[in-house]
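Q: I'd like to ask you about the structure that follows.
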Amino acid sequence: MNFAVLGAGAWGTALALHLDRCGHTVTLVSRRLEHAAEMASSRENKDYLPGAKIPPSLQLGHEIMPALMEADAVILACPAKALRNLCEEIASMRESSWGISAVIAVCKGLDPQSLDLPVEVLKEVLPHYPAGVLSGPTHAGGLAEGLPSAAVLAFAEDSQWIRDLQGAFSNDAFRLYFSDDPIGVSLAGSLKNIFAIACGCCDGLGLGDNAKAALLTRSLAEMVEIGTTLGGKRETFSGLSGVGDLVATSYGPWSRNRTFGENLAKGKLVEDQLKDRKTVVEGALSVRWYRERCRKMEISTPILDEVYSLVYEEKDPSHALRDLMSRQLKSE
Ligand SMILES: NC(=O)C1=CN([C@@H]2O[C@H](COP(=O)(O)OP(=O)(O)OC[C@H]3O[C@@H](n4cnc5c(N)ncnc54)[C@H](O)[C@@H]3O)[C@@H](O)[C@H]2O)C=CC1
Ligand SMILES: O=C(CO)COP(=O)(O)O
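Here it is, written out as structure tokens:
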């Protein structure tokens, strides 16, 4: 198959490397000319995924159009806040001769203006193509190294072409499951980042394994409550994109969301952590939007509310812990 991967951050690069290893024709597109040129000369993405060699077979570019003209499937690997713009750019260039059979978003957040999930943005802006999402406990470094991992490919419809796509992504190091719940998978992928920030705080405060297990378990309960109210299927949250990614991100030393939470608990200010950083901390943004949505729908979200207060109201992490522990007792 021919894949266009748009967005040359850590995750786009890791996916492109993986698809190249699977024997596909792959073009990885960076939006910045100088970044594409630097990658082409060093055969490495030093800015976002240092250490992973880019083989000559993987094509690098900075223009979207040539990659789209050839593509069977397009992977959108930008941060969630840039997804709508990127889709609009594609829509403005669209030609009926293109052979694109699917567009797949791999970001884990919400559109800041509309609060839409990535799959909803795809459906709205690129209605001509089947829209899917890929998500799971898969950090870029592990996939780039070829360490074993598994994820979910979710489309609302099922077809032979989508099953071919599932097969095209899979090899002996990467196992891709199919799901018919792109809404649930998108919700799970963005919510786990918020709870990973809470788990990072737990690490930063040195609260130990009992506390972290309790926090993770109650985070899952909250994720299921929010996710099912917002339209996801309950079983999705016990799958790879739900509990799988929640565990990976909450424990991974590599996780930007978990590390952000850990540093918060150690006294590093939000603005100092976010200013001038090249890479995304999706949970720090999406917690604001989820809080707004959950309030409107009157969903009780005690952990998410505390993460919001930590990030946007300068709440002291030890006070957040005290407030969580002193809530009215209830049934599990
Ligand atoms: N890094 C990881 O391990 C994983 C990341 N993700 C998700 O994938 C998304 C991207 O993450 P990373 O690649 O890690 O981000 P990153 O922080 O490494 O890089 C973001 C990339 O997106 C590019 N970008 C920004 N605006 C863009 C636009 N309008 N059009 C095209 N490209 C644009 C930036 O130039 C940069 O190359 C995030 O939503 C993240 O949650 C999902 C799974 C794993
Ligand atoms: O989504 C991820 C792994 O599944 C990456 O998590 P971070 O963005 O926290 O690094």
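Residue numbering for the sequence shown follows our numbering, beginning at 13 and increasing consecutively.
Here a beta-carbon is modelled for each residue, glycine too, at the ideal position from N, C-alpha and C.
Taking the straight line between their C-alpha atoms, what separation do you get for Glu50 and Ser338?
A: Locating residue 50 in the sequence shown gives position 38, counting from the first residue. Locating residue 338 in the sequence shown gives position 326, counting from the first residue. Cα to Cα, Glu50 sits roughly 53 Å from Ser338.
Q: I believe Leu72 touches Leu122 by the beta-carbon criterion, under 8 Å. Please report the beta-carbon distance rounded to the nearest angstrom.
A: Counting from 1 along the sequence shown, the entry for residue 72 is found at position 60. Counting from 1 along the sequence shown, the entry for residue 122 is found at position 110. That belief does not hold up - the Cβ atoms of Leu72 and Leu122 are roughly 30 Å apart, past 8 Å.
Q: Could you work out which residue in Asp317, Tyr320, Val145 is closest to Tyr189 when comparing CA atoms only?
A: Here residue 189 corresponds to residue number 177 of the sequence shown, with the count starting at 1. The residue with the shortest Cα to Cα distance from Tyr189 is Val145.
Q: If I'm right that His36 touches Asn57 with Cβ under 8 Å, what's the distance once you round it to whole angstroms?
A: Here residue 36 refers to the residue found at position 24 of the sequence shown. Here residue 57 refers to the residue found at position 45 of the sequence shown. Actually they are not in contact, since the Cβ atoms of His36 and Asn57 sit about 19 Å apart, beyond 8 Å.
Q: What residue does the alpha helix (DSSP H) around Pro130 start on, and which one ends it?
A: Reading the sequence shown from its first residue, position 118 is the one you call residue 130. Run containing Pro130: 130–137, per the alpha helix (DSSP H) assignment.
Q: Are at least three pairs of beta-carbons, each pair with one atom in the stretch 248–255 and one in the stretch 162–182, less than 8 Å apart?
A: Taking 8 Å as the limit for Cβ pairs, the verdict is that the stretch 162–182 does touch the stretch 248–255.
Q: Closer than 7 Å by C-beta to Pro67: which residues in its own chain qualify, once you throw out the five before and the five after it? Chain order, please.
A: Counting from one through the sequence shown, the residue named residue 67 turns up at place 55. Only Asp32 meet the Cβ criterion.
Q: Using the Cα positions of Glu136 and Gln340, report the straight-line distance between them to the nearest angstrom.
A: Locating residue 136 in the sequence shown gives position 124, counting from the first residue. Locating residue 340 in the sequence shown gives position 328, counting from the first residue. In a straight line, the C-alpha of Glu136 is about 42 Å away from that of Gln340.
Q: Just to confirm, is the Cβ distance from Met77 to Met105 under 7 Å?
A: Stepping through the sequence shown from its first residue, residue 77 is reached at position 65. Stepping through the sequence shown from its first residue, residue 105 is reached at position 93. Their beta carbons are under 7 Å apart, which means Met77 touches Met105 by this criterion.
Q: By Cβ distance below 7 Å, which residues in the same chain neighbour Leu129 in space, the five residues on each side in sequence not counted?
A: To locate residue 129, count along the sequence shown from 1; it is residue 117. So the list reads Leu122, Ile195, Ser198, Leu199, once near-sequence residues are dropped.
Q: Using the rule of at least 16 other Cβ atoms within 10 Å of the residue's Cβ for burial, across every protein chain shown, is Pro314 buried or exposed?
A: On the sequence shown, position 302 is the one that residue 314 refers to. Answer is exposed; the Cβ neighbour count stays below 16.
Q: Quick one: grab the DSSP three-state call for Arg55.
A: The sequence position of residue 55 within the sequence shown is 43, counting from 1. Here Arg55 sits in coil by DSSP.
Q: Using the Cα positions of Glu294 and Phe181, report the straight-line distance between them to the nearest angstrom.
A: Here residue 294 refers to the residue found at position 282 of the sequence shown. Here residue 181 refers to the residue found at position 169 of the sequence shown. Approximately 25 Å between the Cα atoms of the pair.
Q: I'd like the span of the beta strand (DSSP E) that includes Gly154, first residue to last.
A: Position 142 of the sequence shown, counted from the first residue, corresponds to residue 154. Gly154 -> not in any beta strand (DSSP E); alpha helix (DSSP H) instead, spanning 152–157.
Q: Bridge partners for Ile116 per DSSP, in chain order?
A: Here residue 116 refers to the residue found at position 104 of the sequence shown. DSSP, once it has assigned bridges, lists Ile87, Gly144 as partnering Ile116.
Q: Going by beta carbon distance, what residues of the same chain come within less than 7 Å of Trp23, once the five residues before and after it are set aside?
A: For the purposes of this step, residue 23 is taken as residue 11 along the sequence shown, with counting starting at 1. If we look at Trp23 and ignore the five residues flanking it on each side, its Cβ neighbours are Ala89, Val118, Ala152.
Q: May I have a chain-ordered list of the alpha helix (DSSP H) segments no shorter than 4 residues that lie completely inside the stretch 219–265?
A: The stretch 219–265 contains these whole alpha helix (DSSP H) runs: 220–241, 257–263.
Q: Straight-line CA distance for Ser343 to Phe186?
A: Your numbering for residue 343 matches position 331 in the sequence shown. Your numbering for residue 186 matches position 174 in the sequence shown. So the two alpha carbons sit approximately 39 Å from each other.
Q: Within 6 Å: the Cβ of Asn269 and any heavy atom of ligand 1?
A: Residue mapping note: residue 269 aligns to position 257 of the sequence shown, counting from 1. It does not: the Cβ of Asn269 is nowhere closer than 6 Å to a heavy atom of ligand 1.
Q: Quick test of your reading: Val17 and Ile87, contact by CB under 8 Å. State the CB separation rounded to the nearest angstrom.
A: Locating residue 17 in the sequence shown gives position 5, where the first residue counts as 1. Locating residue 87 in the sequence shown gives position 75, where the first residue counts as 1. Rounded, the Cβ-Cβ distance is 5 Å, consistent with contact.
Q: So for Gln125, helix, strand or coil by DSSP?
A: By 1-based counting over the sequence shown, the position of residue 125 is 113. In this structure, Gln125 counts as coil in the three-state DSSP scheme.
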